[in-house]
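The sequence shown maps to residues 1149 to 1882 in our numbering. Each residue gets a CB set at the ideal place from its N, CA and C atoms; glycine is no exception. Structure record follows, encoded as structure tokens.
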Amino acid sequence: MHRIAALPGGWDPSQGGVVFLEQDPAPIVVLSAADTDLTALSAAMRLLPADFPAVRAANLLQLQQPLSIDDYAEKVLRRAQVVLLRLLGGRAYWSYGLEVAKEVAAAAGSTLIVIPGDDRPDWDLVSHSTVPLAVADRVWQYWLEGGAANVAACLKLLAREFLGQEYAVPEPQVLPRLGIYYPPLPRDPHAPKVGILLYRAHVLAGNTQPIDALAEALQERGLQPLCLYTYSLQEPDLPQAMREHFGGQIELLLNTTSFSLARLESEQPDVRLWQELDVPVVQVVLSSGSRERWENATRGLGARDLAMNVVLPEVDGRILSRAISFKTVQQWDPRLQTEIMAYEAVPDRVAFVAELAANWVKLRRTPAEQRRLALILANYPSRDGRLANGVGLDTPASCVEILKALAQARYRACPLPQSGDELIRWLTQGQTYDPLGSLRPARQVLPAALYREWFAQLPAAVQGDLLRQWGDPPAHDIPIVGLQLEHVFVGIQPPRGYDRDPSLNYHAPDLVPPHEYLAFYLWLRQVFGVHAVVHVGKHGNLEWLPGKGSALSATCYPEIALGPLPHFYPFIVNDPGEGSQAKRRAQAVILDHLTPPLTRAELYGPLAELERLMDEYYEAQQMDPGRCPLIRAQIQELVRREQLDWQFNLEKEEDWGRLDGYLCELKESQIRDGLHIFGRTPTGEQLVDLLLALARYPGAGQLGLTQAIARDWGWDWDPLAVDLTEPWPDKPPA
């Protein structure tokens, strides 16, 4: 156990020990988990008379352990006359502290006011107050409207009502819940416009330094920021305000708010607003953690940030960019005896997001016939026989379909291969990563001088890692493996490590990629000049390179390789976990594709013969019992021959039912019937079997096909819970 004073320098809630806040007692104590509340409170203190009663404040995140709460209650709360507690998330958020505050108020005869931390009424929470509901509601309104003037008025109300002071108390000033924010920058009406959505609380608290830095970085890249603030994404008037302020004007939206626009309680997330805007929506993270903690954490963001600023926004389909700011101690407020936190921008992270935004705008505004794209094919392991492998996807054929679609959309992609086989033939006529592929001619190279110049600009730590692992940068020009079809490059992703046993290094979290790997992506960006990169099929190795799990830094290798490029990723729909890896580590837009066509496994060979004998055996039991011993012997012999006797010895009668259920499960199992081709719907029997496979089992709000048929016959039958060893009813119900 150790003591941590609330002194300048900040406090990390992840550190061990028990926190003891060192504060002097005061008549008024304000507790909140929102740093913007404390910022507004600090500003409000400057609006109050010098002889105003003393006020103390603390962030609830510093009062999480029961012992620290008890200590603070004994030293500060017990000697206060008014305690104002603002809780976001209901009583469960700080349940122990609330009970302690109630006990202290009851014992000391002091005033306790408990109000919600957001705009949703919580009468259960307010009921813990010792003041009338009307008083608690008025206090809540001051904080709900926010800003220094309203908070100062609230403090005057508390001093007048509970401390016997004489103050004129104005009514809460109603401030717009939605409004336009103007960064302190000149405006260029002719520049392409980029929207920025931010929180009203940051505007009221003057906590807009990261937004101002982002707006300035956009202007430096020839873009004009349009900023709109809102109380929350669930604000009823927000959709109309965004239509009026952004609709038809912006090329891209940078969203700095947390949570999700879509409501998860509905069957389908409602993202119509984003669809109406019809622009890329990029998620920009304003982290609630410290910069030092982020820099030292391999996972990047903490659990709280990950949930609010990454996971929930993914429900909306937003493109994750980077964390551009972190909380830091802005000042020590001697009157409140607490630290006042503020967001502080990280310049290189701001620059990355602005560059990413500029590249998206460039892609959007460039005519299709001038756009340059790269289609990247995985090659694991690095053999020609494994070229263009994607999980569940006929990647060569899918690549051909993409090329045809691009050509129809006026992209310059010529000549076009007519089949996946032809594409592979074209690729393997040049150099590949197969051991024999290096003997073929290289179609394009990256000049060694260009790579060395770029390498010298990398962070020193990155240069050191590469030199230790792979030695000096190559002195010769570096082959770039792939095929140029005018403005579309079909490339083979380089191996990221040693070729002796690629399975050991494909996902290695600490093996930095070789120079040739980084040279490949450098060539795409600086020589071929791609507007966007497409990794075709699950999955390549870019998103598995060393670095943070989210909110990447300049020393993370996915960023070093790909840079701030728009990134598209056709990915199999049934693996969202690995798709999220690409979204969070490589700003990918996941384009889900179907699984391979599904069909029933059925039975064949000896197992089909075994099923036939089992059916004959059960039929003989009813029609000709004398044949049963002969059929039984045949079944036992076949079970021994197929080595199923270790599981079904058939000496016990229940084993016969288990064997029958086992055969049914095998026959009814769903298996793949070939591979999916991106952009193509299965046809013929494959389409029929796929639809049947999808319809067989119950889903959200719908019966499965077999379940519905059973109900028509009056049977209560659930394919997800049924025991296939149970005998079928002798006859359907009347």
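Per-residue burial, residue i [other beta carbons within 10 Å of its own, 16 or more giving buried]
i, result
"Thr1580", "buried"
"Ser1817", "exposed"
"Asp1496", "exposed"
"Leu1303", "buried"
"Ala1154", "Model confidence at Ala1154 stands at a pLDDT of 42, short of 50, so the residue's coordinates are unreliable and nothing is read from them."
"Arg1151", "With a pLDDT of 43 at Arg1151, under the threshold of 50, the modelled position of this residue cannot be trusted; read the value that follows with caution. It is exposed - the Cβ of Arg1151 has fewer than 16 other Cβ atoms within 10 Å."
"Asp1866", "exposed"
"Asn1298", "buried"
"Glu1707", "buried"
"Ile1819", "exposed"
"Leu1659", "buried"
"Asn1444", "exposed"
"Thr1831", "exposed"
"Gln1372", "buried"
"Val1836", "exposed"
"Asp1336", "exposed"
Within 8 Å, strictly: CB atoms of residue i and residue j
i, j, result
"Ala1255", "Leu1233", "no"
"Pro1694", "Tyr1665", "no"
"Leu1381", "Leu1409", "yes"
"Arg1369", "Glu1503", "yes"
"Val1509", "Glu1364", "no"
"Ala1734", "Glu1691", "yes"
"Val1224", "Val1166", "no"
"Gly1578", "Arg1591", "yes"
"Gly1630", "Gly1619", "no"
"Ala1191", "Ala1307", "no"
"Ala1768", "Ile1783", "no"
"Thr1476", "Asn1355", "no"
"Arg1600", "Pro1621", "yes"
"Thr1743", "His1824", "yes"
"Ala1702", "Pro1583", "no"
"Pro1515", "Leu1434", "no"
"Ala1349", "Thr1184", "yes"
"Tyr1379", "Arg1325", "yes"
"Val1498", "Ala1361", "yes"
"Leu1305", "Thr1278", "no"
"His1687", "Phe1826", "no"
"Pro1712", "Phe1500", "yes"
"Ala1730", "Trp1442", "no"
"Ala1181", "Gly1265", "yes"
"Lys1696", "Gly1448", "yes"
C-alpha distance - residue i paired with residue j, whole-angstrom precision
i, j, result
"Leu1215", "Trp1271", "29 Å"
"Leu1786", "Pro1777", "14 Å"
"Asn1653", "Ser1473", "33 Å"
"Gln1834", "Cys1547", "21 Å"
"Leu1402", "Trp1422", "12 Å"
"Phe1168", "Gly1450", "23 Å"
"Ala1198", "Arg1483", "10 Å"
"Leu1323", "Gly1294", "8 Å"
"Gly1327", "Pro1173", "39 Å"
"Leu1311", "Ala1300", "15 Å"
"Asp1864", "Ala1553", "48 Å"
"Arg1520", "Glu1750", "47 Å"
"Ala1282", "Met1390", "35 Å"
"Gly1862", "Ala1856", "10 Å"
"Gln1884", "Lys1341", "As shown, the chain starts at 1149 and ends at 1882. That puts residue 1884 outside it, with no answer to give."
"Gln1321", "Trp1288", "12 Å"
"Ser1275", "Gln1478", "35 Å"
"Glu1319", "Leu1292", "13 Å"
"Val1429", "Leu1376", "14 Å"
Min CB distance residue i to chain B below 8 Å
i, result
"Pro1324", "Looking at the structure shown, chain B is missing, and only one protein chain is on hand."
DSSP beta-bridge partners of residue i
i, result
"His1338", "His1338 pairs with nothing; no bridge assigned."
"Lys1510", "Partner(s): none; Lys1510 has no beta bridge."
"Ile1738", "Tyr1717"
"Asn1689", "Paired residue(s): none; Asn1689 is not in a bridge."
"Tyr1491", "Lys1475"
"Tyr1329", "Cys1375"
"Ile1708", "According to DSSP, Ile1708 bridges with nothing at all."
"Phe1637", "Ala1522, Gln1632"
"Asn1207", "Ser1180"
"Ala1680", "Leu1521"
"Gly1538", "Leu1541"
Any 3 or more C-beta pairs closer than 8 Å across the stretch 1562–1576 and the stretch 1843–1856: Too few Cβ pairs lie closer than 8 Å, so no.
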